[in-house]
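Comments concern the structure below.
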DNA sequence: ATGAAAGCGCTAACAC
DNA sequence: GTGTTAGCGCTTTCAT
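Protein chains in written order, with this note's numbering: chain A, 123 to 468; chain B, 123 to 468.
Structure representation (structure tokens):
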């Protein structure tokens, strides 16, 4: 009776003098066709009334919503937009909507977002840099929704598909590079120490030292969080403590950017006095001055990959390699000095 | 029969030996209560079965989805994440989900996203920096979904609520500041020339000149798009054409960042040789070197404001001031020289 | 090629 | 306080 929400399949049917089933068939391009005549007629009034099928109703009828959930720690962190864009582009192409959620690296908020998406009956979820513990995720699997992980691989049984950079090899590469260049005291400034990724990166740092037979000075290892501010702060900290160092490795580009800024602020030249290497290769690395040397993984492509995998799973297809781990590359820009053997590392 | 999607209200009802209505009442905390006994019992089995109400079904029954749509030009453009975060935070607090869409400044894609959200029966839409023309938007209103605009105010009849910075006053302020500082030839590098915001900003630039009685040199006005790359390119362009200038105003911070980088690259010092002012005050402005002077609007707060307005409208409440326009502020950092009268401008 | 009818999971009168 | 009954807008067998 009410003219409210535009119109329904019933109204179209009535106007065209056909049944709802017929209308449904035409809007779905149903294989067992509809007569040319009627199809035309239906299409015409759909156009006239600017009718749009109700996706919710469709969802309850078919029990799939054509929506997927994407949870990241923080949209406004410079690291995530490219990943978000990667999944959105893919999903848009296949007609899926994406519901976004921020976890703020907080397990409770992450759980909240995940559950909220279950309520929305998303067809699948992509969880980025998840901070949930094994137990929650294991429980969560009960909801039986396809789950893709990017940037952190838990136990493989906890997700249907995952992709992550090899953190250990990443920081191993950069640390080795620094060491081979003659640096003996390289500082490591990590982000949130609790996260799996952080620990792996630190592990790479340690391994590089072991490989080179250089003892590790614990006083050279600082931890805080993955922010520019923390980078600044850490530099002040180490400088004020008067410890000597030749180079700085960081847990993220954001940290590195803060580090470089503060180093410069304190009158220390980069890379002449100290070399700095970041981690992630976010876009920002090329706009800062000097452009940052860093460890790179193809985030956008990783996002597209996981999207594709997830979709296959949603469609009940077999995925060949559900869990992938990608080799990071050293990207040498201007916060490190040029060396003759640079090419060996990239 | 199938054990697939967890369970429904019916199953809970059956197990507890009550009617679906009763279960519905408890999950909705329905005012006209349910007996303590039964409530407890229902809650218990809900917990045990990890039942989660189906939001889609709810949506079709109540005809509101508890979702809103947010379309921006590009999530991965540094300008938008803060706005996105603003609306997400607000919506999260009130239990709404947000579906995101990218328009890429493309009217067709924007229309596509908007329509897609209609299909999803979002309860409201926030459109950011919209590029749709008057006609489309006017048509779009037929769908009768609450619409909030940020960053561009069309004819007020085209949205239920809007908020935008005063572009004219913004660039008027910055240009006047530059002129008062003795600059006679200030370049203006704008973004996409078609957009309303671009034109307004340019208008402010012109007005500042008229006010100061300084003729405008058209050769000092360049246009391209809102990117770092274009900033670089524009600098090359103007330098190569050999035109003289004292200062540069830009249509966005991104452009300004490119400008500063390229100026430095070409051996021109900022701000000693030429002063530069950006527009927007995105986070990036403080991480580049030197930190960028710019024109600021409180994006996060604007996003929260529009979210609140939209929600009021969704709830059928009266909004007092649906259309707002906020006064931008000059933020003087280090790409401009210090002056004795700086405080007058901020 | 098309229609009738049941059902998806939920809410909302209206009864008792 | 609780159950019954109709929807909501769609899809999907099963007839015809």
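Note that CB positions come from ideal geometry on N, CA and C, so glycine has one too.
All values derive from a computational prediction rather than experimental measurement.
Cβ neighbours of residue 352 (chain B) in the same chain (closer than 7 Å, five flanking residues each side left out): 346, 377, 380
Nonlocal neighbours in the same chain, by C-beta distance under 7 Å from residue 440 (chain A), ignoring five residues either side: none
Under 8 Å, with one C-beta from each stretch per pair, do the segment 418 to 433 of chain A and the segment 393 to 403 of chain B reach the 3-pair mark? no
Could you tell me the alpha carbon to alpha carbon distance between residue 99 (chain B) and residue 189 (chain B), rounded to whole angstroms? Here chain B has residues from 123 to 468 only, and residue 99 (chain B) is not among them.
Assign residue 442 (chain B) to one of two classes, buried (16 or more other C-beta atoms within 10 Å of its C-beta) or exposed (fewer than that). exposed
Would you kindly check if the distance between the Cβ of residue 297 (chain A) and the Cβ of residue 371 (chain A) is under 8 Å? yes
Near residue 306 (chain B), which residues of its chain fall below 8 Å by C-beta distance, leaving aside the five closest residues on each side in sequence? 336, 368
Please determine, among A:388, A:404, A:410, A:432, the residue with the shortest C-alpha to C-alpha distance to residue 384 (chain B). A:410
Cβ closer than 8 Å: which chain A residues qualify as neighbours of residue 175 (chain B)? 241
Hey, would you say residue 300 (chain B) sits closer than 8 Å to residue 308 (chain B), going by beta carbons? yes
For the pair the segment 249 to 262 of chain A and the segment 190 to 201 of chain A, tell me if three or more CB-CB distances fall below 8 Å. yes
Give a yes or no on whether 8 Å exceeds the smallest Cβ distance from residue 181 (chain A) to chain B. yes
In terms of residue numbering, what span does the beta strand (DSSP E) encompassing residue 138 (chain B) cover? From DSSP, residue 138 (chain B) is part of no beta strand (DSSP E) but of the alpha helix (DSSP H) over 131 to 138.
Tell me whether residue 186 (chain A) sits in a helix, a strand or coil according to DSSP, three-state version. coil
For residue 350 (chain B) and residue 358 (chain B), the rounded distance between their alpha carbons: 13 Å
What residues match up with residue 369 (chain B) in a beta bridge as DSSP calls it? B:308, B:397
Test item: CB-CB of residue 291 (chain B) and residue 318 (chain B) under 8 Å: no
Rounded to whole angstroms, how far is the Cβ of residue 382 (chain A) from the Cβ of residue 182 (chain B), which I believe are closer than 8 Å? Going by Cβ atoms, the distance from residue 382 (chain A) to residue 182 (chain B) rounds to 54 Å, so no, they are not a contact pair.
Using C-beta distances below 6 Å, list every residue in its chain close to residue 456 (chain B), excluding the 5 sequence neighbours before and after it, in chain order. 412, 413
Residue 346 (chain A) (DSSP reduced to helix, strand or coil): coil
Where does the unbroken alpha helix (DSSP H) through residue 206 (chain A) begin, and where does it stop? 203 to 215
Three CB pairs or more closer than 8 Å across the segment 221 to 236 of chain B and the segment 160 to 169 of chain A: no
Could you give the DSSP three-state label for residue 167 (chain B): helix, strand or coil? helix
Which residues bound the beta strand (DSSP E) around residue 221 (chain A)? 219 to 224
Could you compute how far the alpha carbon of residue 461 (chain B) sits from the alpha carbon of residue 320 (chain A)? 46 Å
Counting C-beta neighbours from all protein chains within 10 Å, is the total for residue 465 (chain A) 16 or more, i.e. buried, or is it exposed? exposed
Strictly below 9 Å CB to CB, what residues from chain B border residue 210 (chain A)? 197, 222, 223, 224
Return the bridge partner residues of residue 250 (chain A) from the DSSP annotation. A:272
Output the residue ranges of the beta strand (DSSP E) runs that lie fully inside the segment 371 to 447 of chain A and measure 3 residues or longer, sorted by chain position. 397 to 399, 416 to 418
Beta-carbon spacing of residue 171 (chain A), residue 134 (chain A) below 8 Å: yes
Name the one or two DSSP bridge partners that residue 453 (chain B) has. B:416
Using a Cβ-Cβ cut-off of 8 Å (strictly less than) and excluding sequence neighbours within five positions of residue 272 (chain A), which residues of its own chain qualify? 205, 248, 249, 250, 251, 284, 285, 286, 424, 425, 428
Does the segment 321 to 335 of chain B come close enough to the segment 256 to 269 of chain B that 3 or more CB-CB pairs lie under 8 Å? no
When we look at the beta-carbon of residue 144 (chain B) and count the other beta-carbons within 10 Å, is it buried (16 or more) or exposed? buried
Reference residue 448 (chain B); option with closest CA among B:402, B:435, B:313, B:434: B:402
DSSP three-state call for residue 477 (chain A): helix, strand or coil? Any question about residue 477 (chain A) goes unanswered here, given that chain A covers just 123 to 468.
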